[in-house]
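S.K.: There's a structure below that I have some questions on.
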Amino acid sequence: MLSLLEESVDTIFGYPGGQIMPVYDALYDYQKEIKHILTRHEQGAVHGAQGYARVSGKTGVCLATSGPGATNLLTGIADAMIDSTPLVCITGQVPAPLLGTDAFQESDIVGMSIPVTKWNYQVTTPEEIPEAIAKAFYIARSGRPGPVLIDLTKDAQFGEVEFVYEKITKIRSYVPEMHVDPHQVKAAAGLIDEAQKPLLLFGHGIIISNAEEELKAFIEKTGIPAAWTLLGLSALPSDHPLNVGMLGMHGNYGPNLLTNEADLIIAVGMRFDDRVTSKVSEYAKKAKIIHVEIDPAELNKIVKADVSILGDAKKALKMLTNNVKENSFNGWLAEFRKCDEIEHEKVCQKDLYPVKPGLTMGEVIRIAAEKTNNDAVLVTDVGQQQMVAQRYFKFKRSRSNVTSGGLGTMGFGLPAAMGAQIGAPGRTVIAVIGDGGFQMTLQELGTIAQNKLPVKIIVMNNSFLGMVRQWQQLFFERRYSSTELYNPDFIAIANGFGIEGQHVAERENLENAVQEMLDHNGPYLLEVKIEKEDNVFPMVAPGASVSDIILEP
Amino acid sequence: MKRDHIITIFSENNIGLLTRITIVFTRRKININSLTVSESAIKGVYKFTIVIRETDAQTQKVVAQLEKLIDVLKAFSHTAEEMIFQEIALYKVPIKPMYESNTIEKIVRKAGARILEITKEYVVIEKTGHKEDTQALFEELNKFRVMQFIRSGRVAITRDPVERLSEFLKERDAYLNSLD
C-alpha cells in the first residue's frame with residue numbers, strides 16, 4: 008500500500024477474493040488516500056483502469072484475486088499491450104508453499120500473462136514488494152507504455168518488513184528510448200524539403216509523448232496534410248485546416264486514396280497496423296517513408312522505412328521542425344478536399360443528415376458531438392458504432408478518444424467509460440456502444456450507479472452484431488449466421504440499477520433525447536433504435552489496396 | 267530464402283525469461299532447432315544460443331522483438347558461416363562387439379571420438395563436431411545397435427577477436443545515465 012502511495016496512486020479498480028484479502032485489509036486504512044472502485048467483474052476493473060489511464064495519462068492500477076480473478080483480467084491486459092496503455096495489475100496468489108500444487112484458486116497467471124505483458128513478476132516474500140512495485144511502474148509508463156503484472160503470494164502479503172522505497176529510474180537491460188539521432192533528422196528533413204506530395208500519418212505515440220503542440224508546429228511550418236490512425240484521434244483538433252481525416256479500413260476517402268499518390272509518408276508514433284495499410288505490397292508504392300517511432304521492433308516490421316528515426320515523438324518532431332523549411336502544399340491539400348466532397352456527397356450526407364426513415368448511427372453521433380460543443384470525451388465499444396463514432400465525432404482536446412484499437416475488444420466500452428469518467432471527472436464522457444458489446448459488460452452499470460459516475464451511455468441498437476452482419480452481407484452472400492440478437496429492455500435494465508434512461512426511435516425525438524441525456528444530473532442510458540441493416544462506408548475490403556477504397560457497395 | 271541463423275541472446279538471470287524468449291518464436295510459428303543456455307563470461311549474465319531456419323528478414327524481426335524483452339540485454343543473429351560452433355554427442359553401444367572385433371575401435375579412431383566409460387555391458391563414446399559429423403558417427407555405430415544417443419544444442423562463438431559484451435554494458439550504463 009505504501010509502495011502504491013509512493014507512486015502517487017489515487018485510484019485502484021479491483022475485485023477482492025481470498026488470496027488478495029491482506030491487501031484489501033490494508034486498503035481499509037488508506038481509504039482517504041486511495042479510492043478503490045469495486046467493479047462487478049475483473050474485466051470491468053481492467054478496462055476501467057485502461058479508460059482511466061488513457062484520459063489522464065497516468066498509470067492505471069487494478070487489483071484482483073488469484074485464479075479466476077486473475078484470468079478475468081487477461082483480455083484487458085492483452086488490450087492494453089497492443090494499445091500501449093500503462094497498467095499495473097496486481098493479483099493475489101496462493102501461498103508460496105502451495106505453488107504448483109493445483110491449490111484452490113491457483114492459476115499460473117505469471118505464465119499465462121507472459122505474451123500479453125511488457126513485464127511480469129511473482130513476489131513470494133514481503134521484502135521484494137517495494138522493488139517489484141517500483142520496477143512495475145517504471146516499466147509500465149516509460150518508453151512505449153504497456154501492462155505489467157505483479158503476482159503476490161498470500162504469504163508475501165502477510166509478512167511485515169521495514170518499509171524502504173526507492174523509485175526506479177533505470178534498468179540495465181531495458182532502454183525505454185533512444186536519443187534522437189540528428190543525422191537521421193537531417194536525412195528526413197532533406198526528404199521533406201524535396202517532397203511534392205507529402206503526407207503525415209500520426210498515431211497514439213503523439214498522445215503518449217504529449218507531442219500535440221510539436222505535431223501542430225511541424226505541420227503548420229511545412230504545410231503537410233496530416234491523417235490519423237484510430238488511436239491518434241483527438242491529438243489534432245478536428246477542425247485544424249491540415250487535418251485530412253482518418254486512415255484505414257473505414258477511414259476517410261482522401262487519406263486512403265492519396266496514400267498511394269503521396270511521394271513521401273512521414274509516419275509518427277504509429278505502427279502500420281494491417282487495418283491501416285491493408286495490402287502491404289500495394290501500400291504507398293510511390294512514397295519514400297520516414298518512420299518516427301520509439302519502439303525499435305516496430306521499425307521495418309511491416310513497412311520498410313527509407314529513414315528511421317528512433318526515439319520520442321515529441322523530441323523528434325521538435326528537431327524536425329527546426330530542420331525543415333517553411334512550405335505549403337495547396338494544390339495537394341486541395342486533392343484531399345476534393346475527395347472529402349466526393350465522400351460527403353456519397354456517404355456522409357446520408358449518414359449525418361438522412362432523409363429516409365430509420366435512424367442512422369451517423370446522425371446520433373453528429374448530434375451528440377454538436378450538443379457537447381465538440382468537447383466531450385468519447386469512449387466507444389467495438390464494431391460499426393465505433394467506426395461511425397470515430398469518423399463523425401469532433402474533437403477539440405487531446406486524450407478525448409478512448410477505444411479498443413488493436414485488440415478490438417467487444418465489451419470494452421462501458422467499463423472504459425466508467426474509468427474515463429474517473430480519470431476526467433470534470434468532463435462529459437459519452438460512451439457509444441452497440442447492443443452486442445453492451446451485453447458483454449453491462450454489469451458495470453452497477454459500478455457506475457454505486458459511484459454516481461455521470462457517464463452518458465448511448466446504446467446503438469440494431470438488434471444485430473452489426474459489423475459481422477455487414478461482412479456477411481458483403482462477403483458471405485447475406486448468410487446472417489448467428490448475428491441477429493433478441494435483446495432485453497435495456498432501459499428496464501438500467502432502471503434496475505437505478506440509472507435513468509429512455510428509448511428513442513423517431514428522428515423528431517432524437518435531438519431532445521440527446522439533450523435530456525446531457526442535461527441529466529448523473530448517469531443516463533439512451534437507447535437508440537437504429538436502422539437494422541445500416542452499413543459503414545467507405546471501406547477498404549480485406550486484402551485490397553488502400554486506393555481501392557469503396558464508397559458504396 | 268530460409269537458411270540457418272544462430273541467435274545469441276545475453277540476458278539477466280530471471281525466472282520466466284526462457285518462456286518469454288521461446289514465445290517470440292512460437293507466436294510466429296518458428297521452430298527452434300537447438301537451444302543452449304549457460305552463464306556467460308560475465309557473472310550473472312546468461313547467454314542463450316538458439317538455432318532456427320528462417321529467412322533473413324524474419325530473423326531480423328525476431329531479434330528486434332527479443333531485444334525488446336525487459337530482461338534481455340542484447341540479441342544478435344549470425345549466419346552459420348559467421349560463427350564457429352560445435353555440438354557434443356554421446357553414444358552408448360553394447361560392449362560385446364568390442365570384444366569380437368576391432369571395428370568399433372577403428373570407427374572411434376577415424377571419427378576423432380573418445381571413449382568416456384567402459385562397463386561390463388556397454389561403452390560410452392563422446393564426439394564433438396557439427397551435426398553432420400555426429401550424425402555420421404551415429405550411422406556407423408548403429409550398425410552395432412546404439413543403446414542410447416544424445417546430442418547437445420549448439421554452442422557458438424563469433425569470429426570477432428573479443429566478446430563485446432563488457433564494452434556494451436559500459437556503453438549501456440553511460441547511455442542510461444544520459445537519459446533524463
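Protein chains in written order, with this note's numbering: chain S, 8 to 560; chain L, 267 to 446.
Positions of the beta carbon are idealized from the N, C-alpha and C atoms, including for glycine.
None of the values given here were measured: they were computed from a predicted structure.
Is the segment 166-185 of chain S touching the segment 204-213 of chain S, taking contact as three or more C-beta pairs under 8 Å?
M.R.: no
S.K.: Going by DSSP, what residue range makes up the alpha helix (DSSP H) through L:P399?
M.R.: According to the sequence shown, residue 399 of chain L is Asp rather than Pro. Its alpha helix (DSSP H) spans residues K397 to L407.
S.K.: Output needed in chain order: residues of the segment 146-177 of chain S with a Cβ under 8 Å from some Cβ in chain L.
M.R.: I146 and K177
S.K.: If we ignore side chains and look at the alpha-carbon of each, how far apart do S:Q57 and L:T424 end up?
M.R.: Rounded to the nearest whole angstrom, the CA to CA distance from S:Q57 to L:T424 is 45 Å.
S.K.: So who's on the other strand from S:Y145, going by DSSP bridges?
M.R.: DSSP output for S:Y145 lists no bridge partner at all.
S.K.: Within a Cβ cutoff of 6 Å, which residues of the same chain sit near S:W126, ignoring the five residues on either side of it in sequence?
M.R.: I146 and V155
S.K.: Going by CA-CA distance only, name the one from S:N259, S:D246, S:R434 and S:M8 that's closest to S:A139.
M.R.: S:M8
S.K.: Spell out the partners DSSP gives S:L206 in its beta bridges.
M.R.: Answer is S:I272.
S.K.: Within the 8 Å Cβ cut-off, does L:V389 reach chain S?
M.R.: no
S.K.: Could you check the C-alpha separation between L:V390 and S:E169 for me, to the nearest Å?
M.R.: 56 Å
S.K.: S:I214: buried (16+ other C-beta within 10 angstroms of its C-beta) or exposed?
M.R.: buried
S.K.: Tell me where the beta strand (DSSP E) around S:D313 begins and ends.
M.R.: Neither: S:D313 is in no beta strand (DSSP E) and is coded neither H nor E.
S.K.: How many angstroms separate the CA atom of S:T66 from the CA atom of S:E40?
M.R.: 16 Å
S.K.: For chain L, check one thing: does any of its Cβ atoms lie closer than 8 Å to the Cβ of S:P122?
M.R.: yes
S.K.: Taking S:T234 and S:M253 to be in contact with their CB atoms under 8 Å, please state how far apart those CB atoms are, rounded to whole angstroms.
M.R.: This sequence places Ala at residue 234 of chain S; Thr is not what is there. Taking 8 Å as the upper bound for CB-CB distance, S:A234 and S:M253 are in contact here, some 7 Å apart.
S.K.: Taking only three categories from DSSP, how would you classify S:D526?
M.R.: In the structure shown, S:D526 sits in a helix (DSSP, three-state: H, G or I).
S.K.: Hey, is S:S216's beta-carbon within less than 8 Å of any beta-carbon in chain L?
M.R.: no
S.K.: Looking at the secondary structure, which residues open and close the beta strand (DSSP E) in which S:M253 lies?
M.R.: N250 to M253 is the span of the beta strand (DSSP E), which, as asked, contains S:M253.
S.K.: To the nearest angstrom, how far is it from the Cα of S:E451 to the Cα of S:A438?
M.R.: C-alpha separation (whole angstroms): 13 Å.
S.K.: List the endpoints of the continuous alpha helix (DSSP H) containing S:I500.
M.R.: F497 to G503
S.K.: S:T18: buried (16+ other C-beta within 10 angstroms of its C-beta) or exposed?
M.R.: buried
S.K.: Any beta carbon from chain S within less than 8 Å of L:L442's own beta carbon?
M.R.: yes
S.K.: Skipping 5 residues on each side, what residues in its chain have a beta carbon closer than 6 Å to that of S:A274?
M.R.: L208 and H298
S.K.: Closer than 9 Å, Cβ to any Cβ of chain B: which residues of the segment 296-308 of chain S, in chain order?
M.R.: In the structure shown, chain B cannot be found, because the protein chains are S and L.
S.K.: Report buried or exposed for L:M267, applying the criterion of at least 16 other Cβ atoms within 10 angstroms of its Cβ.
M.R.: exposed
S.K.: Excluding the 5 residues preceding and the 5 following L:E278 in the sequence, name in chain order all residues of the same chain whose CB lies nearer than 6 Å to its CB.
M.R.: D337
S.K.: Is it a yes or a no for the segment 314-327 of chain L touching the segment 296-303 of chain L, going by three-plus beta-carbon pairs under 8 Å?
M.R.: Contact between the segment 314-327 of chain L and the segment 296-303 of chain L is present, because at least three Cβ pairs lie under 8 Å.
S.K.: Output needed for S:S335: all residues of its chain with C-beta closer than 6 Å, excluding positions within five of it in sequence on either side, in chain order.
M.R.: G230
S.K.: If the cut-off is 8 Å on Cβ atoms, which residues from the segment 196-230 of chain S count as contacting chain L, listed in chain order?
M.R.: none
S.K.: Mind checking whether S:V130 and S:T160 have CB atoms under 8 Å apart?
M.R.: yes
S.K.: Using the C-alpha atoms, what's the distance from L:L431 back to L:K340?
M.R.: Between L:K340 and L:L431, the C-alpha separation is close to 9 Å.
S.K.: Hey, could you find the ends of the beta strand (DSSP E) S:K161 is sitting in?
M.R.: Boundaries for S:K161: no beta strand (DSSP E) harbours it, while the alpha helix (DSSP H) harbouring it runs K161 to F165, taken from the DSSP string.
S.K.: Count Cβ pairs between the segment 430-444 of chain S and the segment 75-84 of chain S that sit closer than 8 Å; are there 3 or more?
M.R.: Cβ pair count under 8 Å is below three, so no.
S.K.: By the DSSP assignment, the beta strand (DSSP E) with S:C346 in it spans what residues?
M.R.: Where S:C346 is concerned, there is no enclosing beta strand (DSSP E), although the alpha helix (DSSP H) it sits in stretches over N337 to E350.
S.K.: Report buried or exposed for S:G499, applying the criterion of at least 16 other Cβ atoms within 10 angstroms of its Cβ.
M.R.: The sequence shown places Ala at residue 499 of chain S, rather than the Gly named in the question. S:A499 should be labelled exposed.
S.K.: Within 8 Å, do at least three Cβ pairs link the segment 400-409 of chain S to the segment 380-388 of chain S?
M.R.: yes
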